[in-house]
Amino acid sequence: MDHSTSLLRLIFLALGAALVLLVLHSTFRLDTSSSTTTSSLFDDDDAAAVSSSCTRFAPWGCSSRRIKKPKLAPAASHETDVPRHPLDPLTVAEINRARELLRAHPPFASSPSSLFVHSLDLDEPDKPVVQSWRKGADDPLPPRRAVAVVRFRGDAFVLAIDLAGGTVVPLPVPASGYPTMTMDEQASLCTAPFGDPEFNATVRRRGVRLSDVACLPISPGWYGPAEENRRLIKAQCFSAEGTANFYMRPIEGLTVLIDMDTREVLHISDRGAGIPIPSAANTDYRYRKSADAAEEGQDEAEFQKVRAPSMEPAATAGAGVELVDGHTVRWGGWELHIKADARAGMVVSRAGVQDPATGARREVLYKGMASELFVPYMDPSEAWYFKTYMDAGEYGFGLQAMPLVPLNDCPRHARYIDGVFVAADGRPYVRQNMICVFERYTGDVAWRHSESPITGMDIRESRPKVTLVARMVASVANYDYIMDWEFQMDGLIRIKVGLSGILMVKGTAYSHLNQARENEDMHGTLLSENVIGVIHDHYVTFRLDMDVDGADNSFVRVEMARQETAPGASPRKSYLKATRRVAQTERDAQVRLKLYDPAEFHVVNPAKKTRVGNPVGYKVVPAGTAASLLDPEDPPQKRGAFTNNQIWVTPYNKSEEWAGGLFVYQSRGEDTLATWSERDRPIENKDLVLWYTLGFHHIPCQEDFPIMPTVSSSFDLKPVNFFESNPILKQRPTNEDDLPICAATKA
Numbered sequence: 001m002d003h004s005t006s007l008l009r010l011i012f013l014a015l016g017a018a019l020v021l022l023v024l025h026s027t028f029r030l031d032t033s034s035s036t037t038t039s040s041l042f043d044d045d046d047a048a049a050v051s052s053s054c055t056r057f058a059p060w061g062c063s064s065r066r067i068k069k070p071k072l073a074p075a076a077s078h079e080t081d082v083p084r085h086p087l088d089p090l091t092v093a094e095i096n097r098a099r100e101l102l103r104a105h106p107p108f109a110s111s112p113s114s115l116f117v118h119s120l121d122l123d124e125p126d127k128p129v130v131q132s133w134r135k136g137a138d139d140p141l142p143p144r145r146a147v148a149v150v151r152f153r154g155d156a157f158v159l160a161i162d163l164a165g166g167t168v169v170p171l172p173v174p175a176s177g178y179p180t181m182t183m184d185e186q187a188s189l190c191t192a193p194f195g196d197p198e199f200n201a202t203v204r205r206r207g208v209r210l211s212d213v214a215c216l217p218i219s220p221g222w223y224g225p226a227e228e229n230r231r232l233i234k235a236q237c238f239s240a241e242g243t244a245n246f247y248m249r250p251i252e253g254l255t256v257l258i259d260m261d262t263r264e265v266l267h268i269s270d271r272g273a274g275i276p277i278p279s280a281a282n283t284d285y286r287y288r289k290s291a292d293a294a295e296e297g298q299d300e301a302e303f304q305k306v307r308a309p310s311m312e313p314a315a316t317a318g319a320g321v322e323l324v325d326g327h328t329v330r331w332g333g334w335e336l337h338i339k340a341d342a343r344a345g346m347v348v349s350r351a352g353v354q355d356p357a358t359g360a361r362r363e364v365l366y367k368g369m370a371s372e373l374f375v376p377y378m379d380p381s382e383a384w385y386f387k388t389y390m391d392a393g394e395y396g397f398g399l400q401a402m403p404l405v406p407l408n409d410c411p412r413h414a415r416y417i418d419g420v421f422v423a424a425d426g427r428p429y430v431r432q433n434m435i436c437v438f439e440r441y442t443g444d445v446a447w448r449h450s451e452s453p454i455t456g457m458d459i460r461e462s463r464p465k466v467t468l469v470a471r472m473v474a475s476v477a478n479y480d481y482i483m484d485w486e487f488q489m490d491g492l493i494r495i496k497v498g499l500s501g502i503l504m505v506k507g508t509a510y511s512h513l514n515q516a517r518e519n520e521d522m523h524g525t526l527l528s529e530n531v532i533g534v535i536h537d538h539y540v541t542f543r544l545d546m547d548v549d550g551a552d553n554s555f556v557r558v559e560m561a562r563q564e565t566a567p568g569a570s571p572r573k574s575y576l577k578a579t580r581r582v583a584q585t586e587r588d589a590q591v592r593l594k595l596y597d598p599a600e601f602h603v604v605n606p607a608k609k610t611r612v613g614n615p616v617g618y619k620v621v622p623a624g625t626a627a628s629l630l631d632p633e634d635p636p637q638k639r640g641a642f643t644n645n646q647i648w649v650t651p652y653n654k655s656e657e658w659a660g661g662l663f664v665y666q667s668r669g670e671d672t673l674a675t676w677s678e679r680d681r682p683i684e685n686k687d688l689v690l691w692y693t694l695g696f697h698h699i700p701c702q703e704d705f706p707i708m709p710t711v712s713s714s715f716d717l718k719p720v721n722f723f724e725s726n727p728i729l730k731q732r733p734t735n736e737d738d739l740p741i742c743a744a745t746k747a
C-alpha cells in the first residue's frame, strides 16, 4: 500500500513538473533544442540547426550564423558561348580571362584572396564602331574589353581590362560612396547579427526563437560625416514562425548597425518594447497541390480556376519571334539587341524598325535601360528614416532578378535569355531564364473602322494589336518589379513597370483604429491587427540614348496654350495653339509635368525630313506618374536628385550611365544626373540622351495585405512624323487559318 502511494505521488510530481515546464516554454519561448511543439519556417529549432536552409530566401532573410552560399546555376551550360555581336555580354571564357588578369595585376597579385569583384561587365565599344559593324566573316568583332569594379584591402578600384592584349589600366574612382554590394556579402550580412550575444539576448527578450528569425540587410543611405569612412549596413529582423511571408511579422523597432567589412555589430537599437509580433494567420501565399495541400489544410476548391489564355503561333505561321545568336531579336519589322545586366537588369540596344514604304531599317534607340531606382519610405522614426533604397546602385537590379516562371510569368511560346554574372571571387555563374521574349495578343485592337450605312459602303476593317514583349522581373527582397519593353507594329515602344510582391510593414500595438490617438500620424494605414503599411514612393529613372534616324538629334518642347480669337473673327472665343521651342541647352530641356501647362516632348532629327517637310522624330508620351514631394535638401532627396524632374536631356557621354552615380552606396549625391546637368551643356543637334522618371506614390490599403496586386504604369516612345503614313496600313487582318488548331490529348 505504501509503495503504491509513493508511486502515485511520483507520477503526480512528474506530471506537475512537465506542466510547469510547458507553461514556462509557452510564456517565455525558451530556446530549447528539443522542442517540437511549434512550426518553424526553417524546419529545425535552433539557429545553428538551420544553416542548411537559410539559402531559401538567399540573399534575403537568412536566419543562421553559418550560411551556405546562394545556389547558383553552374556556368557549364554557357562555357562554349562566344560573342557574336559587339554588344554581347561577357562570356564565361571572357570572365575567367578577366579574373586571371585581375588576380595577376599588382597590387592584387600579392594576395588574390583579398580581392573582391563587385562588378565585371563589357566595356562597350564606341558608338561609331558598333554602328559601322556588319555581321559577316569580313567584318570581325571589335576588340573585346571589360570594366571591373573591385575592392582590395578596403580600397575600391575601377579598372579597364583589354581581354586580348592582357593589359589592366586604372580608371578614376568616385570621390564618395562605395560599389554595389555583391550577392555573397548580401547573403553573409543577413547572418551577421547572430554572432552577437547581445542581439541574440534581445531577440529572446522579444519572445522570438532564434530559429524563427529572418534578417534583411538594409542600405543606410547617407546622413552626415559620422557615417563616412567605413562601409555600414543595417539589419532588421522578422519572425518566420508559421509562414513563408515573414515580412508580415516584423520584430518592430529592432535595428542592428553592422560594419560590412568586419561583420562586427556596432550598435543595437530596440525601440519596439510592447509591440507584439503580428500573427502569422492567413499570411502565407504559397500554392500547394494535392497531397501537400491536404496536409496543410488547403482546400483546392478555395482557389479560383482562371485560365491564362495566350496567343499560340500556328505551326505554319513561321517563327514569330526570332532570337538570333542568343541576343538579337527580330519581329514585325523590329530588330533589337537584348542582354542581361547585373545592375540595370535588362538592356535594350540598337532598336530599329523597318520602314514599310522603303524596306530600309531605321534606327530609333541606341540603348535603353533602367538607370536607377529610388524608393523612400515616409516614416521619419528611428527604425525607418534611413529606408530610402536605391535598388540598382546599392543591391544590383539585375542581381536580384530571379528565374521567370513559365506559363505564369511568360506564355508557353516565350523564348528565354540567361544572365551570366560574376560572384565576389570573380567566377562566373548563370541566372537562368532571366529574360523572356514573346509575342502578345490580349484582344486589343490596333486600328479599326466601319462605315455607316448612310454612306452606302459596306466596309468593316479591323487589325488586332499584336506586340513583341521583352520582360524581366527583379525580386528586391519584398518587392517584385516587372519590367516590360513592348514593341508595336505602328512603331511605338511602350516601357512599363509593374509593382508586385509584398509590402514592407511596420509593427504596432494597435489592433483597431479606435485605439489610435486623435490625429495621430501613423505614417501609413492599419492593414491588419498590429500591422501598418507605411507610405512610400517608387521612382524608376530610365536612360534612353535616342538615335532617331541618326545620332544628331534635337529636343523640341511643343507647348500648348489657349489662344483668344480676334473680336468678330469667329463664333469661337478661343482655341488651342501649339508652339515649337527647340532646346538649346540642358536647362531648356528639364521638364516637370503639369496638367494645366501641357506640352509634347519630341526628339527630332533636323537633318531628315518627310516628303512634306516635317523633321522626323519620336515623342515621349507620359502616362500616370508621380513627383517627389521631399525637401530638396533632405539627404535622401539630395542623393535622389535625379527625380527632381520627370525629363532631362543631356549630351551623350559614355561615362554618364547611372543617374545616381557610379558608386551609390553611402554616396553624398554629388555625382548624379542633377549635378551633371548643372553644366548646362549645348544639346541642339547633338547626340542626345533622354532621361525619363516613372513615379508611384503608394498609400497602402487592406487589399495590399498580405500580398499586393500588381500596379503598373508606363510611358511611350511614339513616332511623330517618322513615317510617311501609318505603318498599320501594311498589316493584314487575322484569319482563321492563322490560328493554332488545338486538340485534346488522348488518354
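No gaps in the numbering here: position 591 of the sequence shown is 591 in the UniProt record's numbering, and each next residue is one more. Think of the CB as a built atom: it goes at the ideal place given N, C-alpha and C, for glycine as much as any other residue.
Worksheet entry | Between the CA atoms of L87 and E124 - distance to the nearest angstrom | Reading the sequence shown from its first residue, position 124 is the one you call residue 124. Reading the sequence shown from its first residue, position 87 is the one you call residue 87. The straight-line gap from Cα to Cα measures roughly 6 Å.
Practice prompt. Tell me whether K577 is buried or exposed, calling it buried when 16 or more other Cβ atoms sit within 10 Å of its Cβ.
Written response: The residue given as residue 577 occupies position 577 in the sequence shown. Exposed, because fewer than 16 other Cβ atoms sit within 10 Å of the Cβ of K577.
Worksheet entry | Inter-residue spacing [alpha-carbon to alpha-carbon] between S188 and T610 | Reading the sequence shown from its first residue, position 188 is the one you call residue 188. Reading the sequence shown from its first residue, position 610 is the one you call residue 610. Roughly 59 Å separates the two Cα atoms.
Discussion item. Can you tell me where the beta strand (DSSP E) holding Q236 begins and where it ends?
Written reply: For the purposes of this step, residue 236 is taken as the residue at position 236 of the sequence shown. 232-239 is the extent of the beta strand (DSSP E) around Q236.
Worksheet item: From this set, N200, V213, P225, which residue's C-alpha is nearest I268's C-alpha?
Response: Position 268 of the sequence shown, counted from the first residue, corresponds to residue 268. Nearest C-alpha to I268: N200.
Practice prompt. Would you mind sorting R247 into buried or exposed? The rule is 16 or more other CB atoms within 10 Å of its CB.
Written response: As a first step, residue 247 is located in the sequence shown; it is residue number 247 there, counting from the start. According to the sequence provided, residue 247 is Tyr. The question's Arg does not apply to it. Under the 10 Å beta carbon count, Y247 is surrounded by 16 or more other beta carbons and is classified as buried.
Worksheet item: Going by other Cβ atoms of all chains shown within 10 Å of its Cβ, with 16 needed for buried, is N282 buried or exposed?
Response: Within the sequence shown, the letter at position 282 stands for residue 282. By the 10 Å Cβ count, N282 comes out exposed.
Item to complete: Please list, in chain order, all residues of the same chain as V476 whose beta carbon is under 7 Å from its beta carbon, the five residues on each side excluded.
Response: The residue given as residue 476 occupies position 476 in the sequence shown. Same-chain partners within the cutoff: D391, Y395, Q400.
Worksheet entry | Those residues which DSSP pairs with P682 across a bridge | Along the sequence shown, read from residue 1 onward, the residue named residue 682 stands at position 682. Under the DSSP definition of a beta bridge, P682 partners with T585.
Worksheet item: Anyone know if the C-beta pair for A148 and V129 falls short of 8 Å?
Response: Numbered from 1 along the sequence shown, position 148 holds the residue referred to as residue 148. Numbered from 1 along the sequence shown, position 129 holds the residue referred to as residue 129. No, the Cβ-Cβ distance between A148 and V129 is not below 8 Å.
Worksheet entry | Unbroken stretches of the beta strand (DSSP E), 3 residues or longer, contained in the region 408-491 | 415-422, 428-450, 460-476, 479-488
Discussion item. Between N685, N645, R431, A235, which has its C-alpha nearest S677's C-alpha?
Written reply: Within the sequence shown, residue 677 is the residue found at index 677, counting from 1. Among N685, N645, R431, A235, the Cα nearest to that of S677 belongs to N645.
Worksheet entry | Three-pair Cβ contact test at 8 Å for the region 356-372 versus the region 178-198 | By the C-beta criterion, the region 356-372 is judged not to be in contact with the region 178-198, since fewer than 3 inter-stretch pairs fall below 8 Å.
Fill in: Own chain partners of L630 with C-beta closer than 6 Å, once the 5 adjacent residues on each side are dropped
Reading the sequence shown from its first residue, position 630 is the one you call residue 630. Here the set comprises Q637.
Worksheet item: Got a sec: is the Cβ-Cβ distance from A93 to anything in chain B below 8 Å?
Response: The structure shown has no chain B; it contains just one protein chain.
Discussion item. S239 and I258 - do their beta-carbons sit closer together than 8 Å?
Written reply: Counted from its first residue, the sequence shown places residue 258 at position 258. Counted from its first residue, the sequence shown places residue 239 at position 239. The criterion of a C-beta distance shorter than 8 Å is not satisfied by I258 and S239.
Worksheet item: If we count Cβ pairs, one from each stretch, closer than 8 Å, do we get three or more for the region 219-234 versus the region 664-681?
Response: With contact defined as three or more Cβ pairs closer than 8 Å, the region 219-234 and the region 664-681 are in contact.
Fill in: Under 8 Å between C-beta atoms of K234 and V265
As a first step, residue 234 must be located in the sequence shown, where it is residue number 234. As a first step, residue 265 must be located in the sequence shown, where it is residue number 265. No.
Worksheet entry | Option in G359, V603, L115, P225 with minimal Cα separation from V158 | The count along the sequence shown starts at 1 and reaches residue 158 at position 158. Closest option to V158, Cα to Cα, is L115.
Worksheet item: Using CA coordinates, which residue listed in T675, H697, N653, D634 is at the minimum distance from G624?
Response: Residue numbering aside, residue 624 sits at position 624 when the sequence shown is read from its first letter. For the set T675, H697, N653, D634, the Cα lying nearest the Cα of G624 is the one of H697.
Worksheet item: Buried or exposed: E703, going by 16 or more other Cβ atoms within 10 Å of its Cβ?
Response: Here residue 703 corresponds to residue number 703 of the sequence shown, with the count starting at 1. Classification of E703: exposed, given that the 10 Å Cβ count is below 16.
Worksheet item: Anyone know if the C-beta pair for L101 and I161 falls short of 8 Å?
Response: In the sequence shown, the residue the question calls residue 101 occupies position 101. In the sequence shown, the residue the question calls residue 161 occupies position 161. Yes. Within cutoff.
Practice prompt. Return the CA-CA distance between E439 and N614, expressed in angstroms with no decimal places.
Written response: For the purposes of this step, residue 439 is identified with residue 439 of the sequence shown, where counting begins at 1. For the purposes of this step, residue 614 is identified with residue 614 of the sequence shown, where counting begins at 1. Between E439 and N614, the C-alpha separation is close to 33 Å.
Fill in: Reference R206; option with closest CA among Y178, G253, C410
Walking along the sequence shown from the start, residue 206 turns up at place 206. Closest option to R206, Cα to Cα, is G253.
Worksheet item: Are the beta-carbon atoms of G274 and A509 separated by less than 8 Å?
Response: Here residue 274 corresponds to residue number 274 of the sequence shown, with the count starting at 1. Here residue 509 corresponds to residue number 509 of the sequence shown, with the count starting at 1. Contact flag set, yes.
Item to complete: Below 8 Å CB to CB, which residues in the same chain sit around A291 once its five sequence neighbours on both sides are set aside?
Response: Here residue 291 refers to the residue found at position 291 when the sequence shown is read from its first residue. Bear in mind that a pLDDT of 43 at A291, under 50, signals an unreliable position, so the model cannot answer this.
Worksheet item: Roughly how many angstroms lie between the CA atoms of D716 and V430, to the nearest whole one?
Response: Taking the first residue of the sequence shown as position 1, residue 716 is located at position 716. Taking the first residue of the sequence shown as position 1, residue 430 is located at position 430. Their backbone Cα atoms lie some 32 Å apart in a straight line.
Item to complete: Excluding the 5 residues preceding and the 5 following R97 in the sequence, name in chain order all residues of the same chain whose CB lies nearer than 8 Å to its CB.
Response: Taking the sequence shown and counting its residues from 1, one reaches residue 97 at position 97. Here the set comprises L163.
Practice prompt. Measure the alpha-carbon distance for K730 versus G660 and round it to whole angstroms.
Written response: For the purposes of this step, residue 730 is taken as the residue at position 730 of the sequence shown. For the purposes of this step, residue 660 is taken as the residue at position 660 of the sequence shown. Going from the Cα of K730 to the Cα of G660 covers about 43 Å.
Item to complete: Measure the C-alpha to C-alpha separation of W485 and M522 and round it to an integer number of angstroms.
Response: Residue 485 sits at position 485 when you count from the first residue of the sequence shown. Residue 522 sits at position 522 when you count from the first residue of the sequence shown. One C-alpha to the other measures close to 37 Å.
Worksheet entry | Of the residues V612, A175, I454, Y652, the one placed nearest L544, counting alpha carbons only | Looking up residue 544 in the sequence shown gives position 544. The shortest C-alpha separation from L544 is found at Y652.
Discussion item. Could you tell me the alpha carbon to alpha carbon distance between C54 and H538, rounded to whole angstroms?
Written reply: Here residue 54 refers to the residue found at position 54 of the sequence shown. Here residue 538 refers to the residue found at position 538 of the sequence shown. A caution first: C54 carries a pLDDT of 39, below 50, which makes its placement in the model unreliable, though a value can still be read off. Distance from the CA of C54 to the CA of H538, rounded to the nearest whole angstrom, comes to 29 Å.
Practice prompt. Could you pull out every residue in the same chain whose Cβ sits closer than 7 Å to the Cβ of G177, ignoring the five residues on either side in sequence?
Written response: In the sequence shown, the residue the question calls residue 177 occupies position 177. G661, F663, V664, Y665, Q666, S667.
Worksheet entry | Length of the line joining the Cα atoms of H85 and R448 | As a working mapping, residue 85 is identified with position 85 in the sequence shown. As a working mapping, residue 448 is identified with position 448 in the sequence shown. Rounded to the nearest angstrom, the two C-alpha atoms are 39 Å apart.
Item to complete: Kindly give me the distance between the Cβ atoms of L492 and P719, rounded to whole angstroms, as I take these residues to be in contact under 8 Å.
Response: Taking the first residue of the sequence shown as position 1, residue 492 is located at position 492. Taking the first residue of the sequence shown as position 1, residue 719 is located at position 719. 7 Å between Cβ atoms; contact.
Item to complete: Taking 8 Å as the cut-off, decide whether the C-beta atoms of S279 and E529 are in contact.
Response: Walking along the sequence shown from the start, residue 279 turns up at place 279. Walking along the sequence shown from the start, residue 529 turns up at place 529. In this structure, E529 lies closer than 8 Å to S279 by Cβ.
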